[in-house]
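Please read the structure below before turning to the comments.
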Amino acid sequence: MLGLSVSSASKLPLIPSIKPSNQSRHNLQLSSPQNPNCEPQPLNHRLIHHLNVGHLHKAISTLDLMAQKGTHPDLTTYSLFLKSCIRSRNFQLGKLVHTHYLTHSQLHLNSLILNSLISLYSKSGDWAKAKSIFYDMGDLRDLVSWTAMVSCFANNDMGTEAIVTFLQMLENGLCPNEYCFSAVIRACSNVENVPIGKMIFGFVIKSGYFESDVCVGCALIDMFVKGGGDVDLAYKVFEKMPEKNAVTWTLMITRFMQFGFPMEAVNLFLDMVLSEYVPDQFTFGGVISACAELELLNLGQQLHSWVIRTGLALDVCVACCLVDMYAKCAADGSVDDARKVFDLMVDHNVMSWTAIITGYVQSGGRDKEAVELFCEMIKGHVSPNHFTFSSVLKACANLSDPRMGEQVYTHAVKLGLASVNCVGNSLISMYARSGMMEDAQKAFDMLFEKNLISYNTIVDAYAKNLNSEKAFELFHEIEDIGIGASAFTFASLLSGAASIGAVGKGEQIHVRLLKSGFASNQSICNALISMYSRCGNIEAAFQVFNDMGGRNVISWTSMITGFAKHGFASKAMEMFHKMLEDGVRPNEITYIAVLSACSHAGLISEGWKLFNSMYREHGIVPRMEHYACMVDLLGRSGSLLEAFEFINSMPFKADALVWRTFLAACQVHGNKELGEHAAKMILEQDPYDPAAYILLSNLYASSGQWDNVVIIRKNLKERNLIKEAGCSWIEVENMVHKFHVGDTSHPLAQDIYYELNQLASKIKELGYVPDTDFVLHDVEDELKEQYLFQHSEKIAVAFGLISVSQPKPIRVFKNLRVCGDCHTAIKFISMARGREIVVRDSNRFHHFKNGACSCNDYW
């Protein structure tokens, strides 16, 4: 059995006879007054013929002709007419037959006609008229009438009314049949009515319909899945069904897919084929969607061949699923295959347009084409839906084009879709990614009904824009209104804390996670590892990693990245090999992490081995980021010519990232000629890249070529390019304190600069010599030394020394690369004050202790 109590059925008002007899289920009055004139008979036969072949308009013309002759069809013919209208979904014609012909026919309507009328009005959505006919029937109500009314309420999402009608039927001494059971079980397909549905299930088992009727089994599957979210119990029902057909298999496959079990959907499809059932377009749609979720491109391609052979490839639903499948497997280069399927479609509807647009957005780097497709869709007079707008707004966000996004949103407003949450949420994300948080907040405030996803979107937006205070404020708002934070909410908050290095806030979230029961969630644990490592507490990150019950590739990669960023290259490599021993397959991000570890530690030979093993051992084709890592590895070590040759040997054209990495290495090692070439290559691809100008300017400044520095700064100004201002910050007692160069705005500025003066004297006594080459201004040497002690990282360290009590480490964060002089000075400060100082810059962490740094002066 299925683990449900059959005895619970006794709670319902059952009648002694459970199974209906084989006697007639209707007490019909089919006869009509005899017409002595036999002339109408040929017209009646003609009418029946038209109805049988589906020519409803010819049938209504014949009915008009009969009315002109003063005659009417009999009740049986009228019933056939109504059923034909229902079958063809021509409800307006059916209502015309009722109001214009039947009402004036003076025939005594029987249960057969009235039941057909109930079905007609029910299926047209007019449940009130159906209910009125049902109650006016009085004693003419039979099992078909009651079943039609239960079905009417169930189909119109009136579950309670359907259940009440079902119980009234039982009280009237009628025994439900398979159709009635199916209808009332459908009415129980929501959370509130599932307990009643389980009681009815007991009744079904006792009546014997579960073993004999497929429709009842299908209704039960839907009830357990849709109402209770219990896919396991639904599958048990499916397994216990003695009779299955293609519809049953398709339903279970579809429900597996819809409720997050794509692999089970694929496996069940294979079982269906082995059981020699023939899939239809709905079956193929479900299993192809499962392939899309699992990125099973090979199986998806085989299914594509199958639907072509069976002639189903042109079905709109199947084609849309194929487009979606190829788009989601676009990592294998198959987004163009999605476009081929789309172009072969005869008719493009909103589903197919949305599928291909979404595919281009999700595949990465095809956002411009996605917007162009959207414009074609509008020109083709196909009205977008909320999913279309959501995808196009994401494309605008990826293109950093909020103005285009606003035009798209205006179109959504015209169609009345702007208030739909997924559209509003995409608008919030678009503004946030452009740093337009005021507009993002306005978009959030305009949402008609805010749900958890809306709050998650705005919390994540503030977190990514380094406004953790506002993110936490909204988090408390979520708690106050009782929505309840999700794992994504906590992950966003952890990301926000990590972005600004607010380890105190991160620890507070960790405590909340322990209380809320999310602490064992794998995604949350991965976010905790990332937060602690990015906040400078690599020990806490490793503790979370060790305490995890189950680790995936993200867990291992997060830990490897943490060790790499903290300069513990040997530990990162050890973790990588341990991951392989545990049978976890690395991905592209894992290789970026281990190659970065090699780069920060100068492990050139090990880096080459890893790079060459990517495809050979794991089938991973190196991407632009991996080539950039190798350029960084060679460049840091001073092998600039080798790095240059490596760039020129790449299988594709190096992008600005690769050349920018090379230019940074040229600046560090003072190679003006190669640096100028790198800057030229960057500006050819992006004439408005401020980083190229700034790096080249710094290269000229460090070699004393001030005339060239002036020219570059003039170019920056003329092109309206803004150099990112250097700043450093530190968290003290859950408050973040931010400092810029020469900052005197802090309330404790006087104490901070007093501490700086004391430090300058003390570290000079210990052997510190200011390196004025790092002053990128053409000023006197005395002023250069003064400028050095106005660097934001030194100010933040001084504030930490007067604010953070021992033995806590001082953790400072900088948005740019720490300058060489500050690096040297902080080593001396750690020795002079006997403090551990951790500095995170744009590249890595530096752990200063007893006059030494974890990077071994190689960064």
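Be aware that the sequence shown starts at 336, since it is given in my numbering, and climbs by one per residue.
Just so it is clear, CB atoms sit at the ideal spot from N, CA and C, and this is done for glycine as well.
Remember, predicted model here, so these are calculated numbers, not experimental data.
Between the alpha carbons of residue 891 and residue 805 lies a distance of about 31 Å. With a beta-carbon spacing of about 5 Å, residue 902 and residue 1190 fall inside the 8 Å limit used to define contacts.
Contact annotation: residue 564 and residue 592 have beta-carbon atoms that are not nearer than 8 Å.
Residue state for residue 1149 is assigned as strand, using DSSP reduced to three classes. DSSP places residue 590 within a helical segment (H, G or I) once states are collapsed to three. When only Cα atoms are considered, residue 710 and residue 660 end up about 23 Å apart.
Fully contained in the stretch 841-908 are the following alpha helix (DSSP H) runs of length 4 or more, in chain order: 857-869, 873-882 and 888-900. Note on residue 1082: under 16 other CB atoms within 10 angstroms of its CB, so exposed under the neighbour-count rule. Of the candidates 924, 775, 1064 and 451, 451 places its Cα closest to the Cα of residue 411.
One alpha carbon belongs to residue 935, the other to residue 960, and they sit about 16 Å apart.
Per DSSP, reduced to three states, the secondary structure at residue 1131 is helical. As for any beta strand (DSSP E) of minimum length 3 sitting wholly inside the stretch 620-656, there is none.
With fewer than 16 other Cβ atoms from the protein chains shown falling within 10 Å of its own Cβ, residue 675 counts as exposed. About 6 Å separates the beta carbon of residue 1185 from that of residue 1166, a gap short enough to meet the 8 Å contact definition.
Taking C-beta atoms under 8 Å as the contact rule, residue 1030 and residue 999 qualify, at a distance of about 6 Å. If you draw a straight line from the Cα of residue 464 to the Cα of residue 479, it comes to about 17 Å.
Following the DSSP letters along the chain, one finds residue 1070 inside the beta strand (DSSP E) bounded by residues 1070-1075.
Under a 10 Å Cβ-count criterion, residue 951 is classified as exposed, with fewer than 16 other Cβ atoms of the shown protein chains found around its own Cβ. Residue 933 carries a helical assignment under DSSP once its states are collapsed to helix, strand and coil. Residue 1158 carries a helical assignment under DSSP once its states are collapsed to helix, strand and coil. Taking C-beta separations shorter than 6 Å and ignoring five residues to either side along the sequence, the partners of residue 569 in its chain run 556, 559 and 560, following chain order. Judged by beta-carbon spacing, residue 837 lies within the 8 Å limit of residue 1066, meaning their Cβ atoms are closer than that value. CA-to-CA, the gap between residue 810 and residue 594 works out to about 28 Å.
Residue 696 and residue 705 do touch by the CB rule: their CB atoms are close to 5 Å apart, below 8 Å.
Distance from residue 658 to residue 677 at the Cβ level is roughly 5 Å; contact confirmed, criterion being Cβ atoms closer than 8 Å. Residue state for residue 1187 is assigned as strand, using DSSP reduced to three classes. Using a C-beta cut-off of 8 Å, the stretch 940-947 makes no contact with the stretch 981-989, since fewer than three inter-stretch Cβ pairs fall below that distance. Rounded to whole angstroms, the gap between the alpha carbons of residue 986 and residue 958 is 10 Å. Boundaries of the beta strand (DSSP E) harbouring residue 1174: 1172-1175, taken from the DSSP string. Rounded to whole angstroms, the separation of the alpha carbons of residue 863 and residue 1135 is 25 Å. With respect to residue 989, residue 1024 sits apart: the two C-beta atoms are not nearer than 8 Å.
Between residue 609 and residue 588, the alpha-carbon positions lie close to 15 Å from each other. Going by C-alpha positions, residue 757 is about 47 Å away from residue 506.
In this structure residue 793 touches residue 775 by the C-beta definition: roughly 7 Å separates them, less than 8 Å.
Between the alpha carbons of residue 576 and residue 642 lies a gap of roughly 28 Å. When DSSP states are grouped into helix, strand and coil, residue 721 belongs to the helix group.
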